[in-house]
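Notes follow once the structure below has been shown.
2 protein chains.
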Amino acid sequence: MSLRYAVLTLLDIEPGSGYDLKRRFERSVSHFWSASHQQMYRELHKLHDEGLLDCTEQPQEGKPDKKIYSLTERGRAALQAWVQQPTPAQKIREPFLIQLFAGHHLTDEQARAAVQRQLEEHRALLHSYLEQNERVLQSDPAVQERYWLAHQTLLLGIEAEKTWVAWAERLLRRLDQQ
Amino acid sequence: MSLRYAVLTLLDIEPGSGYDLKRRFERSVSHFWSASHQQMYRELHKLHDEGLLDCTEQPQEGKPDKKIYSLTERGRAALQAWVQQPTPAQKIREPFLIQLFAGHHLTDEQARAAVQRQLEEHRALLHSYLEQNERVLQSDPAVQERYWLAHQTLLLGIEAEKTWVAWAERLLRRLDQQ
DNA sequence: ATTAGCATGTAAACAGTTACATGATTGA
DNA sequence: TCAATCATGTAACTGTTTACATGCTAAT
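Those sequence lines, one after another, are chains A and B. Position in the first sequence (from 1) plus 9 gives the number in the working numbering. Position in the second sequence (from 1) plus 9 gives the number in the working numbering.
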């Protein structure tokens, strides 16, 4: 149920096509949501059928037409109603931690390599969130003011990745000592 | 695909029934995996059909029979093979952060209440993980030694919840200043 | 020539949630 | 008597991933 509101939220900030949306998910909300382009298109069709989105086709030279979606009155009302509802914290599902939990099947060398891989992935995420943060801090102060709560989500993403990185580094040092 | 290996991992440590398993998920791996009892039973049937699990029925007085599952040779081999494979980091999906991202639809008072609710949930999680940790630290040192990597996952859970709590508290102070 | 990016979609498989169903025991 | 715990299951639905499909442009 949350994907639809993630879609409505981004289109509320700025209208766009399914393709646009996919990229904006990757660039601006990947620290708390992700979705494939198939999910986008399906959700956009559904929301359009339900009258929460308007759609205007925009012809382009040498490229397929773009279908630009934007919120209708009802769409904005639906988003506003949902935003005010309590939401339970998401359950975590982290396959890598299952592997560590079954870690007595690993040699120290294998464990080291696995942790090292995760460390690199999380360092890369941290790096990209920090870059995003720099971009936000250099943007129009009036926009920053308007979306300051949205910005807090990025700060949480940064803190979460720092936590992962620190944990993985500590674990690697331990594995090295053995 | 990961649920099956989570199930195999727990049954590898100690055989048990679907019901047992459900409780053990809640008590010992809830910081990185969760599943409903329906998922357990379905997965157990599948794994049994595929020959990765043995099943022996254990009659009980005044209670329904228990079906005790344990790993077969092939089950152990399948787990060991999977544990050694690289796994990509899980994508995050946190509905509450969508709500904050659309936070310009909230009054300060509504935002405060929402953050407060999350803070309480994460404090409760932190508390329960710390309790789990105490139990681990008071258990048999030989067992602690054997499962020290598994224990690392709990330490990450604790750090992650501390990060959430600290973030939410900072955000609340900010909202109060407004 | 090949790869990457733009742009949209269908179909099938897999995973997860919610609701319903049964039936016994134990404790408040 | 009512709720909780033990113990297992079916059915329907919703959500997510993976594979396949088309076709154009721009850069290497």
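All C-beta atoms, glycine included, are put in the ideal place defined by N, C-alpha and C. Predicted model, so just to flag it, every value in this text is computed and none were measured.
Identify which residue in the options has its Cα closest to the Cα of residue i.
{"i": "Q93 of chain B", "options": "A:L180, A:Q99, A:A111", "result": "A:A111"}
{"i": "V124 of chain A", "options": "A:W173, A:Y156, A:I101, A:V152", "result": "A:W173"}
{"i": "E170 of chain B", "options": "A:E140, A:K100, A:R126", "result": "A:K100"}
{"i": "L184 of chain A", "options": "A:H160, A:L158, A:Q119, A:P97", "result": "A:Q119"}
{"i": "T18 of chain B", "options": "B:L135, B:E130, B:A86", "result": "B:A86"}
{"i": "Q47 of chain A", "options": "A:V38, A:H40, A:S37, A:R32", "result": "A:R32"}
{"i": "V145 of chain B", "options": "B:Q69, B:R132, B:W157", "result": "B:W157"}
{"i": "E3 of chain B", "options": "B:S79, B:V38, B:E66, B:H54", "result": "What is shown of chain B runs 10 to 187, which leaves residue 3 of chain B out entirely."}
{"i": "Q186 of chain A", "options": "A:D117, A:R126, A:A122", "result": "A:D117"}
Which residues does DSSP pair with residue i in a beta bridge?
{"i": "Y78 of chain B", "result": "B:G25, B:C64"}
Residue i to residue j, Cα distance in whole Å?
{"i": "K75 of chain A", "j": "T81 of chain B", "result": "55 Å"}
{"i": "S11 of chain B", "j": "P104 of chain A", "result": "6 Å"}
{"i": "A151 of chain B", "j": "L20 of chain A", "result": "56 Å"}
{"i": "E154 of chain B", "j": "G166 of chain A", "result": "33 Å"}
{"i": "R102 of chain B", "j": "W42 of chain A", "result": "5 Å"}
{"i": "A159 of chain A", "j": "A177 of chain B", "result": "14 Å"}
{"i": "S37 of chain A", "j": "Q147 of chain B", "result": "44 Å"}
{"i": "H40 of chain A", "j": "L181 of chain B", "result": "21 Å"}
{"i": "S26 of chain A", "j": "P95 of chain A", "result": "29 Å"}
{"i": "E140 of chain B", "j": "A175 of chain B", "result": "19 Å"}
{"i": "T65 of chain A", "j": "A133 of chain B", "result": "47 Å"}
{"i": "E143 of chain B", "j": "R179 of chain A", "result": "20 Å"}
{"i": "L163 of chain A", "j": "L135 of chain A", "result": "10 Å"}
{"i": "R83 of chain A", "j": "I107 of chain B", "result": "19 Å"}
{"i": "A90 of chain B", "j": "D29 of chain B", "result": "25 Å"}
{"i": "F34 of chain A", "j": "A44 of chain A", "result": "7 Å"}
{"i": "R121 of chain A", "j": "Y138 of chain A", "result": "26 Å"}
{"i": "H54 of chain B", "j": "R126 of chain A", "result": "33 Å"}
{"i": "M49 of chain B", "j": "D149 of chain B", "result": "29 Å"}
Report the CB separation of residue i from residue j in whole angstroms; it is logged as a contact under 8 Å.
{"i": "R13 of chain B", "j": "L62 of chain B", "result": "R13 of chain B to L62 of chain B, Cβ: 10 Å. No contact."}
{"i": "V16 of chain A", "j": "E59 of chain A", "result": "In fact, because the Cβ distance is near 12 Å, the residues do not count as touching under 8 Å."}
{"i": "L88 of chain A", "j": "H114 of chain B", "result": "7 Å"}
{"i": "L128 of chain B", "j": "Q161 of chain A", "result": "Not really, about 13 Å apart at Cβ, beyond 8 Å."}
{"i": "E168 of chain A", "j": "A98 of chain B", "result": "About 16 Å; that fails the 8 Å criterion."}
{"i": "Q67 of chain B", "j": "I77 of chain B", "result": "5 Å"}
Can you find a heavy atom of the ligand ZN that lies under 8 Å from the Cβ of residue i?
{"i": "V152 of chain B", "result": "Although the ligand ZN was asked about, the structure shown includes no ligands whatsoever."}
Return the chain-ordered ranges of every alpha helix (DSSP H) run that is complete within the stretch 132-167 of chain B and spans a minimum of 4 residues. 150-155
Residue ranges of each beta strand (DSSP E) run of no fewer than 3 residues wholly in the stretch 74-121 of chain A, ordered along the chain? none
Going residue by residue through the stretch 36-64 of chain A, where are the continuous alpha helix (DSSP H) segments of at least 4 residues, counting only ones entirely within it? Counting only runs of 4 or more, we get 46-58.
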